[in-house]
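Each residue of the sequence shown is one higher than the one before, counting from 1 in the numbering used here.
In this text, a Cβ means the ideal position worked out from N, Cα and C, and glycines have one as well.
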Amino acid sequence: MIRPALDPFQLTDEDLPDICLRMHLILDSIEFTRCEGRLIYRDIFDPIDTLYSDLLRKETNRLDDWRENIEKFGDYYELSRMTKIEVSQRAVTALAYMFERLRIKPGDT
Numbered sequence: 001m002i003r004p005a006l007d008p009f010q011l012t013d014e015d016l017p018d019i020c021l022r023m024h025l026i027l028d029s030i031e032f033t034r035c036e037g038r039l040i041y042r043d044i045f046d047p048i049d050t051l052y053s054d055l056l057r058k059e060t061n062r063l064d065d066w067r068e069n070i071e072k073f074g075d076y077y078e079l080s081r082m083t084k085i086e087v088s089q090r091a092v093t094a095l096a097y098m099f100e101r102l103r104i105k106p107g108d109t
């Protein structure tokens, strides 16, 4: 699955579903294989679930309300240094329901 790169300076409120999905895919791809026996940082990861919940339930969601959490997540995984982010097929399959609920087609470019 290939998603186009996001330009942090061009993001809008409409990008929140895509950002949310990307964060879940990254989290699931990386942490699933290494989280057994270790704790993850709730202050970084709990907001991801809250964002997903808000996107499904709230009429309006603002990028500015989530920017700090998104940046924390990016800093934690050092995403600014990456040109390509590998996600596992297992994560894509496991999170297929999110694609549907957020109205994002896998592989959309």
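So what's residue i in DSSP terms, helix, strand or just coil?
i     : result
Arg81 : helix
Leu95 : coil
Given a cut-off of 7 Å, decide if residue j and residue i are closer than it, judged by their beta-carbon atoms.
i     : j     : result
Met82 : Leu21 : no
Asn61 : Leu16 : yes
Lys72 : Ile26 : no
Leu11 : Leu63 : yes
Trp66 : Leu51 : yes
In chain order, what residues of the same chain have a beta carbon less than 7 Å from the beta carbon of residue i, not counting five sequence neighbours either side?
i     : result
Cys88 : The question names Cys, yet the displayed sequence has Ser at residue 88. Once the five neighbours on either side are set aside, the close Cβ partners of Ser88 are Ser29.
Enumerate in chain order the residues of its own chain whose CB-to-CB distance from residue i is below 8 Å, with the five nearest sequence positions on each side excluded.
i     : result
Asp46 : none
So which of the options has the shortest CA-CA distance to residue i?
i      : options                       : result
Ala96  : His24, Ala5, Asp49 and Ser80  : His24
Lys105 : Asp13, Gln10 and Asp18        : Asp18
Glu68  : Glu86, Ile48, Glu59 and Ser53 : Ile48
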